[in-house]
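Student:
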Amino acid sequence: MDIALIRASRFLRNTKDRKTETFITSLSEIEKAIEDKRAEDRSVQEEREIKEQLPEQYHEFVDVFSKIKSDDLPERKEYDHRIELEKEVELGYCPLYYITAEELQAAKDYIVENLDKGFIVPSNAPYASPILIAKKPGGGLRFCVDYRRLNSLTRKDRYPLPLIDEVFERISKAKIFTKLDIRQGFYRIRMHQESSDLTTFRCRYGTFKYEVMPFGLTNGPATFQRLINDIFLDCLDKFLIAFVDDLLIYSEDAVEHEIHVRMVLQRLRDAGLQASIKKCEFHVTTTKYLGFIITPEGIKVDPAKIEAVLTWKIPTTVRGVQSFLGFCNFYRKFIAEYGRIAKPLYYLTRQDVPFVWAKQCGEAFEKLKQALVSAPVLVYYNPNKLTRVETDASDGVVAAVLSQLYNDREWHPVGYYSATISTAEHNYDIYDKEILAII
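The structure is reproduced here in structure tokens:
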């Protein structure tokens, strides 16, 4: 078959020829057919790539890992995100921030892509937040909206996130793990129609608002955690941990584990949520979760975090000290006598203390770094094993370590504890101070 442009007169002559078959179409129909074919090709290619990374027994759940599906605008549901302000205020327009040509191009690409998806739409709201462009840890640029003013005026949703210590108590008997990362989790929740205008942002290319829940809103994690908890309520703490968009499935054997994984994947499908296949792990005995390395034997500090702390430069400001202490505090359960070691640094952050990096500050800084480098494996608490609590109190700090006796006849730490005592507690006898650590 040949396709060619012809004059109208030639076309009329051809239509009179009974041997000539005539068809009518339009460019729009052709373009739609081409686009449908491209979409079909993309879908086939995506399915092939997912199956290469997905264990064969889960191939029926290929759609749960579809990026194409995660780019569809989700339906409105009862979980649509609302923003309630503490009081009626004039939000106004925040000033635009300067961004480089490269960052401007990244912003334009993001806006064009998300306009096409329907995730954002033009806005005429009388207020808007500015944008920021941040560097991604693995390279590339991330589009962000600075919602700090909006967040400061928002009534806080106190829906709780899981406590990390509680999370790890649930997996003490687990031998096998599967980790799922929900793709574009926040974008799978719509903004409530009455709150969408509040998400308006502006930049060089205009003003836009979100139709889906954007990152950076103060109550975003609470809204998403509520959705996840409702989806998996009967699974939580039995074989599933769900911390916002990070899911960890744990089981005692492979047969049981496959049943658990299938159940979770089906729930994700029913809820219209997708997982990122590149960030998932299936049927492993060791995995990284919430900044820790999880194994059947216990919990370890993530080696990547150890590498980061080794290259940490000496802080030159109070904020720098606070940042370092915040990092170390996250892992304080691994550090014996953390409160005593860090005391000079905490003293330096007091408002009535001038910033002077004294010798004891440098020593505390290096000791904390070394403590993280040599952090032990913390075993899971087992109520059936012999348990020992050792306490100490001195220099205004109480400290303790909880240990258990294992089959190798060695005491293994479950966790370390330390805290600064109050002015009134300073007057306690030494024995009472040590009892504080137990309490």
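With the numbering used here as the guide, the letters of the sequence shown map in order to residues 943 to 1381.
For glycine and all other residues, C-beta sits at the position ideal for the given N, C-alpha and C.
1. Going straight from the alpha carbon of residue 1248 to that of residue 1317, what length do you get?
2. Between the segment 1153-1173 and the segment 1248-1268, are three or more C-beta pairs nearer than 8 Å?
3. Straight-line CA distance for residue 1314 to residue 1107?
4. Quick one: using the 10 Å Cβ neighbour count with 16 as the cut-off for buried, is residue 1097 buried or exposed?
5. Helix or strand or just coil, what does DSSP make of residue 995?
6. Using CA coordinates, which residue listed in 1256, 1226 and 1091 is at the minimum distance from residue 1032?
7. At which residues does the alpha helix (DSSP H) containing residue 1303 begin and terminate?
8. Residue 1301: buried (16+ other C-beta within 10 angstroms of its C-beta) or exposed?
9. Per DSSP, which residues does residue 886 bridge with? Please list them.
10. Taking all protein chains shown into account, decide if residue 1078 is buried (16 or more other Cβ within 10 angstroms of its Cβ) or exposed.
11. Roughly how many whole angstroms lie between the Cα atoms of residue 1417 and residue 1088?
12. Taking only runs of the alpha helix (DSSP H) that begin and end inside the segment 1196-1247, which ones reach a length of at least 4 residues, in chain order?
13. What does DSSP give as the partner residues of residue 1360 in its beta bridges?
14. Pull up the CB-CB distance for residue 1070 and residue 1128, whole angstroms please, since I reckon it's below 8 Å.
15. Given this structure, state the Cα-to-Cα distance separating residue 1038 from residue 1122, to the nearest angstrom.
16. Tell me which residue opens and which closes the beta strand (DSSP E) that residue 1270 is part of.
17. Taking its Cβ as the centre, do 16 or more other Cβ atoms sit within 10 Å of residue 1231, making it buried, or is it exposed?
18. Buried or exposed for residue 1054, please, with buried defined as at least 16 other CB atoms from any protein chain shown within 10 angstroms of its CB.
19. Short check: CB of residue 1186 to CB of residue 1103, under 8 Å?
20. Among 1267, 1027, 1309 and 1277, which residue has its Cα nearest to the Cα of residue 1290?
21. Taking all protein chains shown into account, decide if residue 1346 is buried (16 or more other Cβ within 10 angstroms of its Cβ) or exposed.
Tutor: Quick look at the numbers:
1. Along the sequence shown, one-based indexing puts residue 1248 at 306. Along the sequence shown, one-based indexing puts residue 1317 at 375. Between residue 1248 and residue 1317, the C-alpha separation is close to 9 Å.
2. no
3. Taking the first residue of the sequence shown as position 1, residue 1314 is located at position 372. Taking the first residue of the sequence shown as position 1, residue 1107 is located at position 165. So the alpha carbons of these two residues sit roughly 18 Å apart.
4. Along the sequence shown, read from residue 1 onward, the residue named residue 1097 stands at position 155. So residue 1097 ends up on the exposed side.
5. Working through the sequence shown from its first residue, we reach residue 995 at position 53. Residue state, collapsed to three classes: helix.
6. Indexing the sequence shown from 1 puts residue 1032 at position 90. For the residues 1256, 1226 and 1091, the minimum Cα distance to residue 1032 belongs to 1091.
7. Numbered from its first residue, the sequence shown carries residue 1303 at position 361. 1301-1315 is the extent of the alpha helix (DSSP H) around residue 1303.
8. Against the sequence shown, residue 1301 aligns to sequence position 359. By the neighbour-count rule (16 or more Cβ atoms within 10 Å), residue 1301 is not buried but exposed.
9. With the chain covering only 943 through 1381, there is no way to say anything about residue 886.
10. Here residue 1078 refers to the residue found at position 136 of the sequence shown. That one is exposed.
11. Outside the displayed span of the chain (943 to 1381) sits residue 1417, for which this structure offers no information.
12. 1196-1213
13. The sequence position of residue 1360 within the sequence shown is 418, counting from 1. Answer is 1341, bridged to residue 1360.
14. Mapped onto the sequence shown, residue 1070 falls at position 128. Mapped onto the sequence shown, residue 1128 falls at position 186. The pair is not a contact, with the Cβ atoms about 20 Å apart (cut-off 8 Å).
15. Translated into the one-based positions of the sequence shown, residue 1038 becomes position 96. Translated into the one-based positions of the sequence shown, residue 1122 becomes position 180. Cα-Cα distance, rounded: 37 Å.
16. For the purposes of this step, residue 1270 is taken as the residue at position 328 of the sequence shown. Where residue 1270 is concerned, there is no enclosing beta strand (DSSP E), although the alpha helix (DSSP H) it sits in stretches over 1260-1272.
17. Within the sequence shown, the letter at position 289 stands for residue 1231. So residue 1231 counts as buried.
18. Your numbering for residue 1054 matches position 112 in the sequence shown. So residue 1054 ends up on the exposed side.
19. Along the sequence shown, one-based indexing puts residue 1186 at 244. Along the sequence shown, one-based indexing puts residue 1103 at 161. Contact flag set, yes.
20. Indexing the sequence shown from 1 puts residue 1290 at position 348. Closest option to residue 1290, Cα to Cα, is 1267.
21. In the sequence shown, counting from the first residue as 1, residue 1346 sits at position 404. Per the 10 Å Cβ criterion, buried.
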